[in-house]
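Peer 1: I have a structure I would like to understand better, so I am pasting it below and will then ask my questions one at a time.
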Amino acid sequence: MARTAAERRQTRLAYGLIAPATFLILLIYVGPILVVFGMSLTDYTLVSDYYEFVGLENYSRMLEEEPFRNALWNTFVYAGFLAPLAFGLGLIIAIAIQERKQFRSILEVLFFLPVTATLTAMALVWAALMDSRQGVLNGTLDLMGLPVLNWLGSPDLVLISLAIISLWALMGFNMVLFLAGLTAIPKSLYDAAAIDGADGAIDKFLRVTWPMLGPTAMFVAVTTSITAFKIFDTVAVLTQGGPNRASEVYLYLAYLEGFEYFNMGYSAALSLIFLLIVFAFALIQALFIDRKVHY
Amino acid sequence: MAQLSLDSIKKSYDATEVLKGVSLDIADGEFVSLVGQSGCGKSTLLRIIAGLEAPDAGEVAIDGVPVNDLPPKARNIAMVFQDYALYPHMSVADNLAMPLIMARLPLAARLPIVRHLTPKHRSERPGIRGAVEKVAHQLRIEHLLDRRPAQLSGGQRQRVALGRALVRDPKLFLMDEPLSNLDAKLRVQVRKEIAELHATSGLTFIYVTHDQTEAMTMSDRVALMQGGTFLQVGSPNALYTDPQKLDVAKFIGSPEINVLPGERRGGHVALMGRALNLAIDGEGPVQLGLRPEAIAVADAPGLIFPAELDRAQLIELPFQKRLLEDLGPEILLHGHFAEHPETDVRIRAQKSGKLRMDGPTASRDELTALIDPDMILAFDAAGERLAAHTLALQPAGAA
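Residue numbers (our numbering), protein chains in the order written: chain H, 1 to 295; chain E, 1001 to 1399.
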């Protein structure tokens, strides 16, 4: 059956209405990704107008070069330390605060305060705290008779120290997300659990709190992992990848390659791989676990 | 099966006194409803019986044993919640099994992963499965065992909630407004099922509701609560026909009882200046309560004249009709007595089946209402019931 004029007008109107949003998505998200992909296939540098198409050479270079493996390893170590702690401590603080009647809002604000601070500026405060000679942390350790630590200067410790700073900044945010999840759990479920016999802390958590927090926990886990992989600012401000490249993380390497060594093509390839890693996390959430945690 | 006694239970939240020392004895196998408007303390009382809240003062005893210090699980009670409170992440079978798992398995056998190492985890499983299937069969929900609560209809969820309560073989069955989330038709059906469950199980039921119809239809006794105290505790019929307070008379019965101002002069009662053949001791104003069905309409073809009204005893009052509501088997007339327009009056009359909406009864606005002084419930100015007795009919014209 032929479509009527009214139907065609409807269709035109529909396309017209989604056009601005589509245009903006293409311009802001899809366009830059395509440009970066195009750039990653060239040997373009910031200092020269001349560049050549090099195919997948930038990608094969990644597999061969030690700095890439080093950066990837550092990032995983850092994230492997930060993400579980930021998740776990956020959850524990949220549960502890949730059950309080007094001072609840004060505690919420206190824990959330670091989120509102500018991390780059606060990193300098942390640098002062962690100073190996005059820092408060070492002063405290010394007072307690414990050996002092070279927080940001030791290759073995620097990633942990950076993770502690990020933990301080991230924990409050996760706490707020978990608090929102906890508030949404119907109180009658705890009543029902108490009558069914699940009135101990462990049973309440395993039978009600944890399963009901599923969607929130999934979201927190994914956002925390992505945030952990995106570590850049504290490294740039505090360690510049040092000592001896022990804190050279993925995005810092991409920055070094692009803006210090001017290898824009290689930097673009690194960025694109990073995008794939983040995308993989989002995909895990969307495909697998989303189905298991929503009822 | 259990007997429950509540002794001077008090409970306050901050400055608000929710329960002002209530006492009640509930017999083994009895079905008692706690009824009242929201905020009257009925749900708090139920939660205190369940052990979910602790009373500030007073004692809860089950079978003569004080249980104040026992947690809910040790009281051997079951509770059905208003929103059912089913565990949304578990299948129906797991929901039903939950109370048994908690009661029969030690902590280690309930932990994830670790449980597979414990012998109890295996040995108890068939027994739990059997009990779940038995209850599912009893409530006709066997075909739903593998579903999640989100995949069930309201009525099915209600049954699962009942099943979870039944599976542990409780002594006391507590229900907190279990029908309020169901649609009207389903509510009538589940009401019947709960009444049958009570009859077949022989358990003691305590049922909280704000809906007087639910309380009246299912209960052996109704405890009407207001402002943290019991106004009256008695059989549904006693509360309806013999309310001790005006608030009871007003709460029980729909549409609400008509209350008209009367006057006592030398022990005789007058309504709108007419002497009634009704005697109440004392002087001063009285409040005269008349159920909507205790007022009849004179000369109304199509309506059934209430058999319990004695035509010879009736007093005629001109009635101004404002609105007629057709309820199917009966009609509801809204209006006022011509001599007393300030008070709205509702009259409920049974149709005889031959009522024509364009006929004289339905289309007339000026009607004659007939009231029987014998049907009047008299209250003093404070709302306390007054003893009244009808006198022999005075000679005509003596008023």
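Even glycine gets a Cβ: it sits at the ideal position worked out from N, Cα and C.
Taking DSSP as the reference, what is the three-state secondary structure of residue 1041(E)?
Peer 2: Three-state DSSP puts residue 1041(E) in coil, outside helix and strand.
Peer 1: What residues from the segment 1037-1061 of chain E come within 7 Å of chain H, judged by C-beta to C-beta, listed N to C?
Peer 2: Under the 7 Å Cβ criterion, the segment 1037-1061 of chain E contributes 1050 and 1052.
Peer 1: Which term fits residue 202(H), buried or exposed, when burial requires 16 or more other beta carbons within 10 angstroms of its beta carbon?
Peer 2: Exposed.
Peer 1: Give me the residue from 26(H), 82(H) and 104(H) with the minimum Cα distance to residue 229(H).
Peer 2: That would be 82(H), whose Cα lies nearest to the Cα of residue 229(H).
Peer 1: Please look up how many angstroms separate the CB atoms of residue 1368(E) and residue 1318(E), rounded, as I've assumed it's under 8 Å.
Peer 2: Correct: roughly 6 Å between the Cβ atoms.
Peer 1: Given that residue 1081(E) touches chain H, what residues does it touch there, using C-beta distances under 8 Å?
Peer 2: Neighbours of residue 1081(E) on chain H, chain order: 188, 191 and 192.
Peer 1: Residue 213(H) and residue 173(H): beta carbons closer than 8 Å?
Peer 2: It is not a contact, given that the beta carbons lie outside the stated cut-off.
Peer 1: Identify whether residue 1047(E) lies in helix, strand or coil by the three-state DSSP scheme.
Peer 2: Helix.
Peer 1: Can you tell me whether DSSP reads residue 1367(E) as helix, strand or coil?
Peer 2: Correct three-state label for residue 1367(E): strand.
Peer 1: Could you tell me whether the Cβ of residue 1089(E) comes closer than 8 Å to any Cβ of chain H?
Peer 2: It does: the Cβ of residue 1089(E) has a partner Cβ on chain H nearer than 8 Å.
Peer 1: Would you mind telling me which residues of chain E sit closer than 7 Å to residue 197(H), beta carbon to beta carbon, in chain order?
Peer 2: By Cβ distance, chain E contributes 1073, 1099, 1102 and 1103.
Peer 1: On the three-state DSSP scale, how would you describe residue 44(H)?
Peer 2: Three-state result, residue 44(H): coil.
Peer 1: Let me check understanding here. Comparing Cα to Cα, which of 1138(E), 1206(E), 1018(E) and 1129(E) lies closest to residue 945(E)?
Peer 2: Since the displayed chain E opens at 1001 and closes at 1399, residue 945(E) lies outside it and no answer follows.
Peer 1: Could you check if residue 1095(E) is buried or exposed, using at least 16 other CB atoms within 10 Å of its CB as the buried criterion?
Peer 2: Label assigned to residue 1095(E): buried.
Peer 1: Based on Cα-Cα distance, which residue from 40(H), 72(H), 33(H) and 38(H) lies nearest to residue 253(H)?
Peer 2: The shortest C-alpha separation from residue 253(H) is found at 72(H).
Peer 1: What's the gap between the Cα of residue 1399(E) and the Cα of residue 1238(E)?
Peer 2: Unreliable placement is indicated for residue 1399(E), whose pLDDT of 39 sits below 50; no coordinate value is reported for it.
Peer 1: If we require 3 or more residues per run, which beta strand (DSSP E) segments fall completely within the segment 1107-1135 of chain E?
Peer 2: Counting whole runs of 3 or more residues, the segment 1107-1135 of chain E contains no beta strand (DSSP E) stretch at all.
Peer 1: Out of curiosity, what's the CA-to-CA distance linking residue 1019(E) and residue 225(H)?
Peer 2: Roughly 51 Å separates the two Cα atoms.
Peer 1: Going by DSSP, which residues form a beta bridge with residue 1204(E)?
Peer 2: Its beta-bridge partners are 1172(E).
Peer 1: Would you tell me roughly how many angstroms separate the C-alpha atoms of residue 114(H) and residue 121(H), rounded to the nearest one?
Peer 2: Near 11 Å, if we compare the C-alpha coordinates of residue 121(H) and residue 114(H).
Peer 1: Helix, strand or coil for residue 1088(E)? Go by DSSP, reduced to three states.
Peer 2: Three-state result, residue 1088(E): coil.
Peer 1: Classify residue 1089(E): buried if its beta carbon has 16 or more other beta carbons within 10 angstroms, exposed otherwise.
Peer 2: With 16 or more Cβ atoms within 10 Å of its Cβ, residue 1089(E) is classed as buried.
Peer 1: Confirm, please, whether the CB-CB distance from residue 1034(E) to residue 1225(E) is below 8 Å.
Peer 2: Yes. Within cutoff.
Peer 1: Which residues in the same chain have their Cβ closer than 6 Å to the Cβ of residue 1396(E), if we skip the five residues on either side of it in sequence?
Peer 2: Legend: pLDDT at residue 1396(E) = 46, less than 50; position of this residue unreliable, value from coordinates given subsequently. Around residue 1396(E): no qualifying Cβ.
Peer 1: Verify whether the separation of the beta carbon atoms of residue 1296(E) and residue 1316(E) is less than 8 Å.
Peer 2: Result no, Cβ atoms of residue 1296(E) and residue 1316(E) do not sit closer than 8 Å.
Peer 1: Among 85(H), 286(H), 112(H) and 245(H), which has the Cα closest to the Cα of residue 69(H)?
Peer 2: Checked all of 85(H), 286(H), 112(H) and 245(H); the closest Cα to residue 69(H) is 245(H).
Peer 1: Residues of chain E with CB closer than 9 Å to the CB of residue 211(H), please, in chain order.
Peer 2: Here the neighbours are 1087, 1088, 1089 and 1090.
Peer 1: Between residue 185(H) and chain A, is the shortest Cβ-Cβ distance under 8 Å, so that the two count as touching?
Peer 2: Given the protein chain composition of this structure (H and E), no chain A is represented.
Peer 1: Hey, could you find the ends of the alpha helix (DSSP H) residue 24(H) is sitting in?
Peer 2: Note, residue 24(H): alpha helix (DSSP H), 5-25.
Peer 1: Starting from residue 67(H), follow the beta strand (DSSP E) in both directions and report where the run begins and ends.
Peer 2: First-last for residue 67(H): 66-98, but that is the alpha helix (DSSP H), not the beta strand (DSSP E).
Peer 1: On the three-pair Cβ rule with 8 Å, is the segment 1145-1155 of chain E touching the segment 1051-1063 of chain E?
Peer 2: Too few Cβ pairs lie closer than 8 Å, so no.
Peer 1: Indicate the three-state DSSP secondary structure (helix, strand or coil) for residue 1278(E) in the structure shown.
Peer 2: In this structure, residue 1278(E) counts as strand in the three-state DSSP scheme.
Peer 1: Please report the distance separating the alpha-carbon of residue 20(H) from that of residue 40(H).
Peer 2: Distance between the alpha carbons of residue 20(H) and residue 40(H): 29 Å.
Peer 1: I'd like to know whether the C-beta atoms of residue 75(H) and residue 231(H) end up nearer to each other than 8 Å.
Peer 2: Yes, the Cβ-Cβ distance between residue 75(H) and residue 231(H) is below 8 Å.
Peer 1: Suppose you measure from the CA of residue 1069(E) to the CA of residue 1012(E); what does that come to, to the nearest Å?
Peer 2: Taking the straight line from one Cα to the other gives about 18 Å.
Peer 1: For the segment 1292-1325 of chain E, which residues have a CB atom closer than 8 Å to at least one CB atom of chain H, in sequence order?
Peer 2: Hits within the stretch: zero.
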